[in-house]
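K.L.:
Numbering (my numbering), first residue to last: 99 to 712.
The beta carbon of each residue, even a glycine, is placed where N, CA and C say it ideally should be.
Mind looking over this structure? Questions follow.
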């Protein structure tokens with residue numbers, strides 16, 4: 099029996115190492131997701147495709163009739179919902195099949211085909227929202243109170259709340275046509291940074307010349323050899339410095355588009371426009387930035403500790419990503435990864451754990467890399483399917499952490515779809531990152547609590563610091579930068595590349611302190627951040643991490659009561675505003691306590707690391 103177990107683990111390790119990527123057909127079925135749970139074959143997919151193509155015009159039979167009564171509106175919503183649920187299945191299946199092997203033109207064709215149909219469907223249904231908003235408020239409020247429309251009451255209330263920001267049908271049609279124009283800055287940035295940029299080659303740890311891409315340069319910033327880190331840093335920023343003015347122009351295009359849409363939709367600022375989507379009070383954003391910026395001393399101490407451990411006369415920006423100790427978690431087979439996750443998630447209870455075990459053994463996960471497989475990881479699925487998790491597992495702790503993160507998303511979707519009607523099953527980004535990160539926090543807390551090995555403990559403590567540095571401090575610095583540049587744009591103040599470079603320097607000096615050298619090249623880092631082209635998005639990483647840390651702490655300290663509140667939160671999907679959902683779960687994001695909890699944990703972890711190296 100032992101030899102069989104060892105043989106299975108060796109097989110998993112070999113698949114995870116994948117020095118030569120196998121063909122997909124050579125990946126054992128137990129490590130592949132089961133898309134046949136959605137469609138047994140492409141004929142059934144095609145049948146549903148034709149059904150949507152044929153029936154979607156039926157939605158137009160309700161045009162100019164939605165004000166006739168709540169029953170008419172209900173029938174329209176039900177038809178749209180029925181077709182959308184099927185459309186989602188078509189989309190998910192086609193795209194996930196295409197991700198299995200990106201060289202398979204058959205499935206790329208299916209993905210393109212369903213994307214085109216989705217655009218047609220959106221065009222046909224585009225009249226619904228403006229027509230609902232043309233109904234007098236008094237009548238619309240009666241619809242909201244009508245029991246027949248109960249499952250759509252939140253959606254209708256949201257439309258009513260946004261009413262003053264939605265234009266007439268003609269104006270909305272014109273505005274829709276500006277979408278491609280407004281997206282030009284983002285597209286130009288993407289093409290410039292992904293396709294056109296060339297990075298100088300560097301010498302690796304063995305002295306071999308290696309070509310760099312953005313991703314490879316970032317990986318070399320983690321090198322244990324300082325000369326490699328420095329060279330990778332300089333190579334990474336050289337094309338950004340060379341293209342400073344072009345990148346300044348694309349950034350300015352984004353600022354102008356953001357200002358334009360906020361103004362035409364009658365918002366005081368782009369920030370308030372972005373926050374209003376999910377009814378997030380501005381105080382949430384301000385609390386995050388102001389609280390972090392009032393508590394930067396622990397980050398400054400961490401830079402001092404990093405400088406000491408690395409034995410450097412000067413700590414540079416290219417020194418902050420390299421691990422302080424070598425990773426002691428190597429060669430973690432898939433089966434071991436699952437056991438680590440099961441142990442870490444015990445605090446969430448038997449029901450949660452049993453469902454994960456069922457999912458991981460019944461086709462939820464696509465585990466290993468194969469030739470042509472898309473890179474990265476995600477959780478996806480549709481209302482009418484079970485969740486799916488896409489992985490490229492490579493036997494390390496990072497991937498164990500990624501897996502437990504995606505399980506968090508999948509279980510959020512599982513509980514939400516099981517307990518909510520379609521209209522309120524989808525949750526927003528603000529709460530999505532909470533469910534996934536809570537799992538990550540529980541994993542790291544469990545590993546730290548159980549390890550007796552000093553090297554492992556030090557590594558895990560440093561991992562916790564880095565998680566908080568990169569997800570809370572760094573993303574909040576990004577949020578502070580965004581708030582300032584959009585304010586400058588509104589007032590006609592300095593948003594030139596030189597102005598942005600100085601602002602970026604000042605923020606890095608503020609956040610990281612005087613123990614670090616802010617290298618001249620780093621002044622162009624703002625130009626590398628693609629998230630800035632989706633204004634006021636990144637702050638949600640920091641709030642999500644803060645809420646997740648607070649929830650995980652409650653679950654570990656309070657037990658069953660806190661756990662049950664958290665599991666109830668997972669069942670509620672998008673049935674209320676995210677701030678209300680989190681408050682009911684036990685975390686009030688309208689005050690500073692969740693953010694201060696993270697800062698306290700950072701401080702306590704730093705204290706322990708400082709004692710270890712004394």
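Quick test of the definition: if touching needs 3 or more C-beta pairs under 8 angstroms, does the segment 428-435 touch the segment 330-348?
P.N.:
No contact exists between the segment 428-435 and the segment 330-348.
K.L.:
Could you tell me if residue 100 is buried or exposed, where buried requires 16 or more neighbouring beta carbons within 10 angstroms of its beta carbon?
P.N.:
Annotation note: pLDDT 48 at residue 100 (below 50); position unreliable, coordinate value reported separately. Exposed is the call here.
K.L.:
How big is the Cα-Cα spacing for residue 647 and residue 691?
P.N.:
Spanning the two alpha carbons is a distance of roughly 11 angstroms.
K.L.:
Taking the continuous alpha helix (DSSP H) assigned at residue 252, which residues delimit it?
P.N.:
Run containing residue 252: 251-259, per the alpha helix (DSSP H) assignment.
K.L.:
I'd like to know whether the C-beta atoms of residue 215 and residue 150 end up nearer to each other than 8 angstroms.
P.N.:
Yes, they are a contact pair.
K.L.:
Round the Cβ separation of residue 146 and residue 182 to the nearest angstrom and send it over; I've been treating them as touching at under 8 angstroms.
P.N.:
Actually they are not in contact, since the Cβ atoms of residue 146 and residue 182 sit about 12 angstroms apart, beyond 8 angstroms.
K.L.:
Have a look at 327, 696, 587 and flag the residue whose alpha-carbon is nearest the alpha-carbon of residue 369.
P.N.:
For residue 369, the nearest C-alpha among the options comes from 587.
K.L.:
Let me check understanding here. Comparing Cα to Cα, which of 129, 557, 538 lies closest to residue 462?
P.N.:
Taking only the C-alpha atoms, the option nearest residue 462 is 129.
K.L.:
For residue 489, which residues in the same chain have their Cβ closer than 8 angstroms to its Cβ, ignoring the five residues on either side in sequence?
P.N.:
Taken in chain order, the residues that qualify are 463, 464, 465, 466, 475, 497, 500, 501, 504.
K.L.:
Would you call the CB atoms of residue 195 and residue 133 closer than 8 angstroms?
P.N.:
Yes.
K.L.:
Given a threshold of 16 other Cβ atoms within 10 Å of its Cβ, counted over all protein chains shown, does residue 621 qualify as buried or as exposed?
P.N.:
Buried: at least 16 other Cβ atoms inside 10 Å.
K.L.:
Over what stretch of residues does the beta strand (DSSP E) that includes residue 476 continue unbroken?
P.N.:
Counting along the chain, the beta strand (DSSP E) containing residue 476 begins and ends at 476-478.
K.L.:
Output needed for residue 569: all residues of its chain with C-beta closer than 7 angstroms, excluding positions within five of it in sequence on either side, in chain order.
P.N.:
Counting only Cβ-Cβ distances below 7 angstroms, and skipping sequence neighbours, we find 639, 640, 643.
K.L.:
Does the count of Cβ pairs from the segment 333-345 and the segment 253-270 closer than 8 angstroms reach three?
P.N.:
No: the two stretches stay apart, fewer than three of their Cβ pairs being nearer than 8 angstroms.
K.L.:
From 616, 637, 514, pick the residue whose C-alpha is nearest to that of residue 671; which is it?
P.N.:
Of 616, 637, 514, the residue nearest in Cα terms is 514.
K.L.:
Evaluate residue 536 with the Cβ neighbour count: other Cβ atoms within 10 Å of its Cβ, from every protein chain shown; 16 or more gives buried, anything less gives exposed.
P.N.:
Buried: at least 16 other Cβ atoms inside 10 Å.
K.L.:
Is the CB-CB distance between residue 574 and residue 390 below 8 angstroms?
P.N.:
Closer than 8 angstroms, so yes.
K.L.:
Would you kindly report the start and end of the unbroken beta strand (DSSP E) that includes residue 486?
P.N.:
Start and end: 486-488.
K.L.:
If you drop the 5 nearest sequence neighbours on each side, which residues of the same chain put their C-beta closer than 8 angstroms to that of residue 233?
P.N.:
Within the same chain, residue 233 has close Cβ partners 164, 165, 241.
K.L.:
Classify residue 91: buried if its beta carbon has 16 or more other beta carbons within 10 angstroms, exposed otherwise.
P.N.:
No information on residue 91 is available, as it lies outside the stretch 99 to 712 that the chain covers here.
K.L.:
Kindly indicate which three-state DSSP category residue 428 falls into: helix, strand or coil?
P.N.:
Reduced to three states, the DSSP call for residue 428 is coil.
K.L.:
Let's test the definition: count the other Cβ atoms within 10 Å of the Cβ of residue 552 and tell me whether it reaches 16, buried, or not, exposed.
P.N.:
By the neighbour-count rule (16 or more Cβ atoms within 10 Å), residue 552 is not buried but exposed.
K.L.:
Taking residue 665 as the reference, which of 704, 235, 682 has the closest Cα?
P.N.:
The shortest C-alpha separation from residue 665 is found at 682.
K.L.:
Among the residues of its own chain, which have a CB less than 7 angstroms from the CB of residue 231, if the five just before and after it don't count?
P.N.:
Closer than 7 angstroms at the Cβ level, and outside the excluded window around residue 231, lie 257, 261, 264.
K.L.:
Could you compute how far the alpha carbon of residue 707 sits from the alpha carbon of residue 244?
P.N.:
C-alpha separation (whole angstroms): 60 angstroms.
K.L.:
Tell whether a beta-carbon distance below 8 angstroms holds between residue 563 and residue 545.
P.N.:
Cβ distance not < 8 angstroms, so residue 563 and residue 545 don't count as in contact.
K.L.:
Could you confirm whether any beta carbon from chain D is found closer than 8 angstroms to the beta carbon of residue 499?
P.N.:
Absent from the structure: chain D. Only one protein chain is present.
K.L.:
Return the bridge partner residues of residue 463 from the DSSP annotation.
P.N.:
In DSSP, residue 463 forms a bridge with 487.
K.L.:
Would you please state the rounded distance, in angstroms, between the beta carbons of residue 422 and residue 560? I believe it to be under 8 angstroms.
P.N.:
Contact holds; Cβ gap of about 5 angstroms.
K.L.:
Name, in chain order, the residues that DSSP records as bridge partners for residue 614.
P.N.:
DSSP output for residue 614 lists 413 as bridge partner(s).
K.L.:
Kindly indicate which residue of 118, 189, 210, 175 has the alpha-carbon position closest to the one of residue 251.
P.N.:
Taking only the C-alpha atoms, the option nearest residue 251 is 175.
K.L.:
By alpha-carbon positions, which one of 436, 684, 395, 114 ends up nearest to residue 702?
P.N.:
For the residues 436, 684, 395, 114, the minimum Cα distance to residue 702 belongs to 395.
K.L.:
With 16 other CB atoms within 10 Å as the buried threshold, where does residue 110 fall?
P.N.:
Classification for residue 110: buried.
K.L.:
Specify whether the segment 413-421 and the segment 607-614 touch according to this definition: at least 3 beta carbon pairs, one from each stretch, less than 8 angstroms apart.
P.N.:
Short answer: they touch.
K.L.:
From 316, 402, 444, 582, pick the residue whose C-alpha is nearest to that of residue 712; which is it?
P.N.:
For the residues 316, 402, 444, 582, the minimum Cα distance to residue 712 belongs to 402.
K.L.:
Mapping the DSSP letters down to three states, classify residue 500 as helix, strand or coil.
P.N.:
It is helical.
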